[in-house]
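**Q**
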Amino acid sequence: MKPSSSLNLHNNSSMAFSSALRLLTLSPFTPATRLSFLRRTTPDIRFLSASSRRRPSTSIKASTAVGRRDEPEQDGNGSLAVVDSNGSDTVKRTEGRIVLTELHKEATEAYMAYAMSVLLGRALPDVRDGLKPVHRRILFAMHELGLSSKKPFKKCARVVGEVLGKFHPHGDSAVYDSMVRMAQDFSLRSPLVNGHGNFGSIDADPPAAMRYTECRLEELAEAMLLADLDQDTVNFVPNFDNSQKEPSVLPARLPTLLLNGSSGIAVGMATNIPPHNLGEVVDVLCAIIHNPEATLQELLEYMPGPDFPTGGLIMGNYGILEAYRTGRGRVVVRGKTEVELLDSKSKRSAIIIKEIPYQTNKSALVEKIADLVENKSLDGISDIRDESDRSGMRVVIELKRGSDPLIVLNNLYRLTSLQSAFSCNMVGILNGQPKQMGLKEILQAFLDFRCSVVERRARFQLSKAQQRRHIVEGILVGFNNLDAVIHIIREASSNSIAAAGLRNEFNLSEKQAEALLDMSLRRLTLRESDNFVAENKSLAEQISKLEELLSTRKNILELIEQEAIDLKNKFASPRRSILEDTDDGQLEDIDVIPNEEMLLALSGKGYLKRMKPNTFNLQHRGTIGKSVGKLKMNDSMSDFIVCRAHDYVLYFSDKGTVYSARAYKIPECSRTASGTPLVQHEIYWDVRRVTGGDVELEEEVCLLRFRTVCSSGCRSWRVVGRSVGGSCRTIK
1 MKPSSSLNLH
11 NNSSMAFSSA
21 LRLLTLSPFT
31 PATRLSFLRR
41 TTPDIRFLSA
51 SSRRRPSTSI
61 KASTAVGRRD
71 EPEQDGNGSL
81 AVVDSNGSDT
91 VKRTEGRIVL
101 TELHKEATEA
111 YMAYAMSVLL
121 GRALPDVRDG
131 LKPVHRRILF
141 AMHELGLSSK
151 KPFKKCARVV
161 GEVLGKFHPH
171 GDSAVYDSMV
181 RMAQDFSLRS
191 PLVNGHGNFG
201 SIDADPPAAM
211 RYTECRLEEL
221 AEAMLLADLD
231 QDTVNFVPNF
241 DNSQKEPSVL
251 PARLPTLLLN
261 GSSGIAVGMA
271 TNIPPHNLGE
281 VVDVLCAIIH
291 NPEATLQELL
301 EYMPGPDFPT
311 GGLIMGNYGI
321 LEAYRTGRGR
331 VVVRGKTEVE
341 LLDSKSKRSA
351 IIIKEIPYQT
361 NKSALVEKIA
371 DLVENKSLDG
381 ISDIRDESDR
391 SGMRVVIELK
401 RGSDPLIVLN
411 NLYRLTSLQS
421 AFSCNMVGIL
431 NGQPKQMGLK
441 EILQAFLDFR
451 CSVVERRARF
461 QLSKAQQRRH
471 IVEGILVGFN
481 NLDAVIHIIR
491 EASSNSIAAA
501 GLRNEFNLSE
511 KQAEALLDMS
521 LRRLTLRESD
531 NFVAENKSLA
541 EQISKLEELL
551 STRKNILELI
561 EQEAIDLKNK
571 FASPRRSILE
581 DTDDGQLEDI
591 DVIPNEEMLL
601 ALSGKGYLKR
611 MKPNTFNLQH
621 RGTIGKSVGK
631 LKMNDSMSDF
641 IVCRAHDYVL
651 YFSDKGTVYS
661 ARAYKIPECS
671 RTASGTPLVQ
681 HEIYWDVRRV
691 TGGDVELEEE
701 VCLLRFRTVC
711 SSGCRSWRVV
721 GRSVGGSCRT
731 IK
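Each residue of the sequence shown is one higher than the one before, counting from 1 in the UniProt record's numbering.
1) For R137, does the three-state DSSP call read helix, strand or coil?
2) Let me know if M112 comes out buried or exposed under the rule of 16 or more other beta-carbons within 10 Å of its beta-carbon.
3) Given this structure, state the Cα-to-Cα distance separating V127 from T552, to the nearest angstrom.
4) Quick check on N431: does DSSP put it in helix, strand or coil?
5) Spatial neighbours of V477 within its chain, please: C-beta separation below 6 Å, excluding the five flanking residues on both sides.
6) Any idea what DSSP makes of K151, helix, strand or coil?
7) Quick check on the DSSP output: what are the complete beta strand (DSSP E) runs of length 3 or more inside the stretch 291-365, in order along the chain?
8) Would DSSP call G474 helix, strand or coil?
9) Assign L124 to one of two classes, buried (16 or more other C-beta atoms within 10 Å of its C-beta) or exposed (fewer than that).
10) In terms of alpha-carbon separation, which member of C424, S660, A498 and A645 lies closest to F308?
11) Under a three-way DSSP split, which group does S417 fall into?
12) Once DSSP output is grouped into helix, strand and coil, what is the label at A270?
13) Please determine, among K105, H170 and Q461, the residue with the shortest C-alpha to C-alpha distance to Q231.
14) Pick helix, strand or coil for L38, following the three-state DSSP scheme.
15) How long is the line joining the alpha carbons of P275 and M210, rounded to whole angstroms?
16) Measure the alpha-carbon distance for R492 versus L482 and round it to whole angstroms.
17) Would S262 be called buried (16 or more neighbouring beta carbons within 10 Å of its own) or exposed?
18) G312 to V193, Cα distance in whole Å?
19) Over what stretch of residues does the beta strand (DSSP E) that includes residue 735 continue unbroken?
20) Counting C-beta neighbours from all protein chains within 10 Å, is the total for V91 16 or more, i.e. buried, or is it exposed?
21) Given that a residue counts as buried once 16 or more other Cβ atoms are within 10 Å of its Cβ, and exposed if not, what is F335?
22) DSSP state of N260, grouped into three classes?
23) Using beta-carbon positions only, say whether residue 738 and F532 come within less than 9 Å of one another.
24) Nearest to K347 by CA position, among P405, N595 and L599, is which residue?
25) Could you tell me how far apart the beta carbons of T676 and K609 are, in whole angstroms, since I believe they sit closer than 8 Å?
26) Quick check on DSSP: helix, strand or coil for K609?
27) Can you grab the Cα-Cα spacing for the pair R520 / Q467, in whole Å?
28) Buried or exposed: where does E293 fall if 16 or more other Cβ atoms within 10 Å of its Cβ makes it buried?
29) Quick check: the Cα distance between Q436 and M611, rounded to an integer number of angstroms?
30) So R469 packs on N536, CB below 8 Å; how close in whole Å?
31) May I ask you to report which of helix, strand or coil DSSP gives L48?
32) Using 10 angstroms around the beta-carbon of G329, count the other beta-carbons present and answer buried if the total reaches 16, otherwise exposed.
33) Could you check how far apart the C-beta atoms of L285 and A564 are, in whole angstroms? I think they sit under 8 Å.
34) Pairs of beta-carbons, one from the stretch 241-257 and one from the stretch 136-147, closer than 8 Å: are there three or more?
35) On the criterion of 16 or more Cβ atoms from any shown chain inside 10 Å, does I488 qualify as buried, or is it exposed?
36) Please name the residue, chosen from K632, F571 and L546, that lies closest to L559 on a Cα-to-Cα basis.
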């Protein structure tokens, strides 16, 4: 079979190129021959896009068995076109218009379109209301269903169906899981949904099925996010099938992005924003309203850091400072613990865990501790049990007799998730684009949005008030000329003639005349007249206030501040996470090693070892004693001291310097072991012995023990001459 110089592909163009490749794959040519043939016959592979908006398209004339005819312009189907080197198409299409474009460019643009769709439509929150689209649609659907905080609960399945059918055409599990999270007080600092039933637990227990659980809006969600939705405060956009409208953003009164935080993974980027205390968020918002040029340090006085719903201890503020400045930082959080005395006689104690870090699974933490104890990776623990109930968290870790609670606790911090780090990555949607922002930029973006919302609300209310006042003024004209109005109406043969007569007689507008005609006789009393006079006066005052509000930005900012303070007075709660003024929570070896007594032995040839104090016992009469260890040939024991694990051991060198190290850094050995050569220790490689008197310097080491280096009275030592006694001076 002789290969053809071109490929005749017809009928189903979406399968044309794949059929050609399958033909080449099954042909008897070798791989190299097939590749050469493919390059010769298909020198230019292009993607047939269904969209013709980005590039000019060319209409292809398709050939049929009957003859050639021009096909009507239709949309492409996304297949591939194979073009010869001379530019002629080898694909013969029977349907539609083909848009020629390069494959790599189309793939790049399609991937970017997909990435932006995920970023804007699913994964990242909007900096204006702090919500992802699924959360916004859930709250709006509940608002449309009338599930206010004062109404009865409704099944979650009803809400999920409303969201899926009208606003969010994705999986029901995604919608239900998002709604469950908004109802969990251990996930959100200020829950937005009031759940009734099993909504999961901090042990990662799954919630009950949506057909069993019920929900309604929290009062905070109504006051903070949905209060002004019907006053033209935000834009409404068509839903996915153009059947109705949904808000593009909710008119939030507080920066919800800071209040409840957010987390999500998109295409090429992610976000992870910690939650904060409502009262502190209001305080820092008011601070930036009064002083837009406030520094980050000044803002930290009002909002010193995150406030996690599970409490805990925040170690240091360096990571917080970096997160607020650049949008990226690392916040170290520890669980809150207490030490209780279980038995005063035996002096046994227990560590009580009352709070754990944010997003930590309590049951997994307990299992991890039990595994460490079972594997002997964690000493000093005799029992662990979870006594948590509806009153609060309580995990009891019983310690062995003589165990140091501080050492055990530090080991728990080091080996388990009782200490964890929250990596801040403050990314949100700003002006339709994902952006990493610091604290000040988030607050300023929210203030700009809130000013727009308040201004639109004020203009809407002003328009309504002016329209109503216009009607009331016409009604008052009718009350002042009641007899003439009644005469005109009685003499008129139709409603239109009566309305025209009222307009001509009293110079009324069409709406005013219609309002007079719509009034019933019972409203012509004197009391109703007084009510209209009072309403007209009230409307005049309202219009004056709204016009004054819209006159300057300062007035709008004052109203924003007052509304935020009202929310603080009603919904604020005390801080749960305690800020510790310490380092970043990094634990060193000394924090997890007990300060036990130990024995240090050094041989003449520089073999050093550490032993437990119970290695040697009191010897009685008639015993031969115990050897310090197995020594090398022609070696003998040189130094033998007793110290504690946290003590410093000083090593004097014949080069005129002294080295210090903690005693626990010396490798522990058995009594019979010879020890570790001193030269194998990284800081001891050039240590030599300095002896007293007039003896020449030898290759040995003199060990001096101090509880701390400072207690020795020196910062560093220098050996003068050939002796130590009286020949050392302090170098500051």
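Ideal Cβ placement from N, Cα and C applies to all residues, glycine included. What you are looking at is a predicted structure, and each value in this text was computed from that prediction instead of being measured.
**A** Reading from the atomic positions:
1) As a position in the sequence shown, residue 137 is number 137, starting the count at 1. Helix, per DSSP.
2) Sequence index remark: in the sequence shown, residue 112 carries index 112 (1-based). So M112 counts as exposed.
3) Residue mapping note: residue 127 aligns to position 127 of the sequence shown, counting from 1. Residue mapping note: residue 552 aligns to position 552 of the sequence shown, counting from 1. Between the C-alpha atoms of V127 and T552 there is a straight-line separation of about 25 Å.
4) Within the sequence shown, numbered from 1, the residue matching residue 431 stands at position 431. Reduced to three states, the DSSP call for N431 is coil.
5) Stepping through the sequence shown from its first residue, residue 477 is reached at position 477. Counting only residues of its own chain and dropping the five nearest sequence neighbours on each side, V477 has a CB closer than 6 Å to the CB of F506.
6) As a first step, residue 151 must be located in the sequence shown, where it is residue number 151. K151: coil per DSSP, three-state reduction.
7) Qualifying beta strand (DSSP E) stretches, in chain order: 313-315, 328-334, 336-343 and 348-355.
8) What you label residue 474 is simply residue 474 of the sequence shown in a count that begins at 1. In the three-state reduction of the DSSP assignment, G474 falls in the helix class, which pools H, G and I.
9) Translated into the one-based positions of the sequence shown, residue 124 becomes position 124. The residue is buried, with at least 16 neighbouring Cβ atoms inside 10 Å.
10) Within the sequence shown, residue 308 is the residue found at index 308, counting from 1. Per the Cα distances, C424.
11) Counting from 1 along the sequence shown, the entry for residue 417 is found at position 417. If DSSP states are grouped into helix, strand and coil, S417 belongs with coil.
12) As a working note, residue 270 is residue 270 in the sequence shown. In the structure shown, A270 sits in a strand (DSSP, three-state: E or B).
13) Residue numbering aside, residue 231 sits at position 231 when the sequence shown is read from its first letter. Checked all of K105, H170 and Q461; the closest Cα to Q231 is Q461.
14) Working through the sequence shown from its first residue, we reach residue 38 at position 38. Caution is warranted here: a pLDDT of 40 is assigned to L38, below 50, making its placement in the model unreliable, and the coordinate value is therefore given only provisionally. The answer is helix: DSSP assigns L38 an H, G or I state.
15) Sequence index remark: in the sequence shown, residue 275 carries index 275 (1-based). Sequence index remark: in the sequence shown, residue 210 carries index 210 (1-based). Roughly 27 Å separates the two Cα atoms.
16) Indexing the sequence shown from 1 puts residue 492 at position 492. Indexing the sequence shown from 1 puts residue 482 at position 482. Going by the sequence as given, residue 492 is Ala instead of Arg. Distance between A492 and L482, taken at the CA atoms: about 16 Å.
17) Taking the first residue of the sequence shown as 1, we reach residue 262 at position 262. With 16 or more other Cβ atoms inside 10 Å of its own Cβ, S262 counts as buried.
18) Taking the sequence shown and counting its residues from 1, one reaches residue 312 at position 312. Taking the sequence shown and counting its residues from 1, one reaches residue 193 at position 193. Near 24 Å, if we compare the C-alpha coordinates of V193 and G312.
19) Residue numbering for the chain in the displayed model covers 1 to 732; residue 735 lies beyond these limits and cannot be assessed.
20) Looking up residue 91 in the sequence shown gives position 91. Residue confidence for V91 is low, a pLDDT of 43 falling below 50, so the modelled location carries little weight and cannot support an answer.
21) Indexing the sequence shown from 1 puts residue 335 at position 335. In the sequence on display, residue 335 carries Gly and not Phe. It counts as buried.
22) Walking along the sequence shown from the start, residue 260 turns up at place 260. It is coil, neither helix nor strand.
23) The question about residue 738 has no answer here: the residues shown for the chain are numbered 1 through 732.
24) To locate residue 347, count along the sequence shown from 1; it is residue 347. Distance from the Cα of K347 is smallest, within the candidate group P405, N595 and L599, for P405.
25) Reading the sequence shown from its first residue, position 676 is the one you call residue 676. Reading the sequence shown from its first residue, position 609 is the one you call residue 609. Contact between T676 and K609 holds, with the beta-carbon distance rounding to 6 Å and staying under 8 Å.
26) Locating residue 609 in the sequence shown gives position 609, where the first residue counts as 1. K609: strand per DSSP, three-state reduction.
27) On the sequence shown, position 520 is the one that residue 520 refers to. On the sequence shown, position 467 is the one that residue 467 refers to. First, the amino acid is wrong: residue 520 is Ser here, not Arg. Roughly 21 Å separates the two Cα atoms.
28) Stepping through the sequence shown from its first residue, residue 293 is reached at position 293. Exposed is the call here.
29) Start at 1 with the first residue of the sequence shown, and residue 436 comes out as number 436. Start at 1 with the first residue of the sequence shown, and residue 611 comes out as number 611. C-alpha separation (whole angstroms): 55 Å.
30) Position 469 of the sequence shown, counting from 1, holds the residue named residue 469. Position 536 of the sequence shown, counting from 1, holds the residue named residue 536. Distance from R469 to N536 at the Cβ level is roughly 6 Å; contact confirmed, criterion being Cβ atoms closer than 8 Å.
31) Position 48 of the sequence shown holds residue 48. Caution is warranted here: a pLDDT of 40 is assigned to L48, below 50, making its placement in the model unreliable, and no coordinate value can be reported.
32) Position 329 of the sequence shown, counting from 1, holds the residue named residue 329. That one is buried.
33) The residue given as residue 285 occupies position 285 in the sequence shown. The residue given as residue 564 occupies position 564 in the sequence shown. Going by Cβ atoms, the distance from L285 to A564 rounds to 6 Å, so yes, they are a contact pair.
34) Verdict: yes, contact present.
35) As a position in the sequence shown, residue 488 is number 488, starting the count at 1. I488 should be labelled buried.
36) Here residue 559 is taken as the residue at index 559 of the sequence shown, counted from 1. Put simply, of K632, F571 and L546 the residue whose alpha carbon is nearest the alpha carbon of L559 is L546.
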